[in-house]
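Colleague: I am attaching a structure below and will ask some questions about it afterwards.
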Amino acid sequence: MSVAFPALPLAVEEPAVAGRSQRALAWTQFRRHRLAVAGAVVFALLCLGAILAGGSPYDPNRTSLLARFEAPSLAHPMGTDDLGRDELTRVLIGGRLSLAVGLLATLVSVIVGTLVGALAGYLGGAADSVLMRVTELFIAFPQLFILILIAALVGTNPVTIILVIGLLRWMPVARLVRAAFLQLKQQDYVAAARTLGASGSSIMWRHILPNALGPIVVAASLGVAGAILTESTLSFLGLGIQLPTATWGNMLRAAQNDMTTAPWLAFFPGLFIFLTILSMNYIGDGLRDALDPRKS
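Put into structure tokens, the structure is as follows:
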């Protein structure tokens with residue numbers, strides 16, 4: 074007489090448990106990186122300040138000739154500019170656009186880079202060679218010159234700036250994703266999925282990509298800092314988002330002629346750019362250590 078035993082649920086629940094354990098381990102590793110945690114706190118405060126900037130009692134574009142070039146005080150913690158506008162309000166409002174450009178441009182670059190890298194790494198052969206030659210061609214372009222040229226020809230609205238920065242910064246992501254796919258497609262679980270009849274797209278996006286997210290997340294965190302710096306550079310050169318719309322870059326540009334009489338006009342936007350880039354670099358370092366299996 075044959076006895077049928079009920080199927081044990083452990084085989085079904087193991088991936089979820091393993092996934093949770095891996096995330097918990099990565100979070101523990103990240104918390105041990107004190108500079109990364111400090112960077113995350115600083116970046117969160119910068120984002121929160123930009124979001125809540127609308128609650129300021131001062132209109133960021135309202136001028137007051139009687140309040141021009143006031144030094145930092147209780148009424149105006151970061152002083153006022155050449156038109157009597159509150160500098161703190163404008164720095165926070167400008168942070169909205171600068172941070173949004175950095176985040177959205179990085180999103181564009183990650184999407185394009187992931188698509189190119191995944192196709193190159195999984196398909197291999199001629200497709201890999203062609204896509205990597207295209208990637209190397211984009212790397213060879215002088216990015217700042219191309220950015221300036223496109224901004225001058227197409228325009229300087231935020232959407233254009235986001236797309237241009239994003240489409241010129243996807244190459245490092247593509248190379249990282251390609252390297253990850255070349256390694257992961259040799260794993261046993263990929264061979265098993267292929268044996269069970271899974272399609273190529275299913276293997277790429279459902280099986281390989283989730284295991285390649287570590288390098289992508291790290292590259293994205295570091296890419297945000299680079300995108301913000303690029304936008305600030307364009308605005309400082311007068312080819313980015315134009316005044317009176319405030320960004321950290323064009324605020325620095327506007328403060329050039331008043332460096333000796335009102336140094337706070339350049340100091341505070343520059344400080345916010347510095348804190349943002351430094352915090353994102355520390356976050357990237359922490360994520361790299363947390364997602365590195367050799368350190369787990």
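Mapping the sequence shown onto the working numbering, position 260 (from 1) lands on 333, and the numbers just tick up by one.
We put the CB at the ideal spot given by N, CA and C, even for glycine.
Candidates Leu170, Met277, Gly343: which alpha carbon is nearest Gln259's?
Modeller: When each option's Cα is compared against that of Gln259, the closest is Met277.
Colleague: What residue from Leu240, Asn330, Glu304 has the CA that sits closest to Val185's CA?
Modeller: Checked all of Leu240, Asn330, Glu304; the closest Cα to Val185 is Leu240.
Colleague: Would the segment 240–250 and the segment 282–296 be scored as touching if the rule is three or more Cβ pairs under 8 Å?
Modeller: Contact between the segment 240–250 and the segment 282–296 is present, because at least three Cβ pairs lie under 8 Å.
Colleague: Out of Pro342, Asn354, Leu351, state which residue places its alpha-carbon closest to the alpha-carbon of Ser171.
Modeller: Comparing Cα-Cα distances from Ser171 to each of Pro342, Asn354, Leu351, the minimum goes to Pro342.
Colleague: Is it buried or exposed for Tyr262, if we count other Cβ within 10 angstroms and need 16 for buried?
Modeller: Exposed.
Colleague: Could you check how far apart the C-beta atoms of Pro133 and Arg96 are, in whole angstroms? I think they sit under 8 Å.
Modeller: In fact, because the Cβ distance is near 40 Å, the residues do not count as touching under 8 Å.
Colleague: Quick one: residues in its chain with C-beta nearer than 7 Å to the C-beta of Glu143, no 5 flanking neighbours on either side, listed in chain order?
Modeller: Excluding positions up to five away in sequence, the list reads His149, Gly152, Thr153.
Colleague: What is the C-beta distance between Phe345 and Gly168, in whole angstroms, given that I count them as a contact (C-beta under 8 Å)?
Modeller: With a Cβ gap of about 6 Å, Phe345 and Gly168 count as contacting.
Colleague: Rounded to whole angstroms, what's the CA-CA distance from Gly228 to Arg267? Just pull it up for me.
Modeller: Spanning the two alpha carbons is a distance of roughly 48 Å.
Colleague: Could you tell me which residues DSSP pairs with Asp159 in its beta bridges?
Modeller: Answer by DSSP bridge pairing, in chain order: Thr153.
Colleague: Return helix, strand or coil for Tyr262, following the three-state DSSP convention.
Modeller: Correct three-state label for Tyr262: helix.
Colleague: Can you tell which of Tyr195, Leu165, Gln216 has the C-alpha that lies nearest to the C-alpha of Thr318?
Modeller: Closest by alpha carbon: Leu165.
Colleague: May I ask you to report which of helix, strand or coil DSSP gives Asn323?
Modeller: Asn323: helix per DSSP, three-state reduction.
Colleague: Buried or exposed: which applies to Trp243, given that a residue is buried once 16 or more other Cβ atoms fall within 10 Å of its Cβ?
Modeller: With 16 or more other Cβ atoms within 10 Å, it is buried.
Colleague: Taking contact to mean at least 3 C-beta pairs separated by less than 8 Å, is the segment 200–217 in contact with the segment 328–338?
Modeller: Cβ pair count under 8 Å is below three, so no.
Colleague: What does the Cβ neighbour count give for Glu86, buried or exposed, with the cut at 16 atoms within 10 Å?
Modeller: Low per-residue confidence applies at Glu86: pLDDT is 39, beneath 50, and the placement is therefore not dependable, though the value from the model is reported in the following sentence. When all chains shown are included, Glu86 counts as exposed.
Colleague: Going by other Cβ atoms of all chains shown within 10 Å of its Cβ, with 16 needed for buried, is Gly127 buried or exposed?
Modeller: Exposed: under 16 other Cβ atoms inside 10 Å.
Colleague: Judging by CA-CA distance, which residue of Phe214, Leu125, Leu156 is the nearest neighbour of Leu138?
Modeller: It is Leu156 whose Cα lies nearest to the Cα of Leu138.
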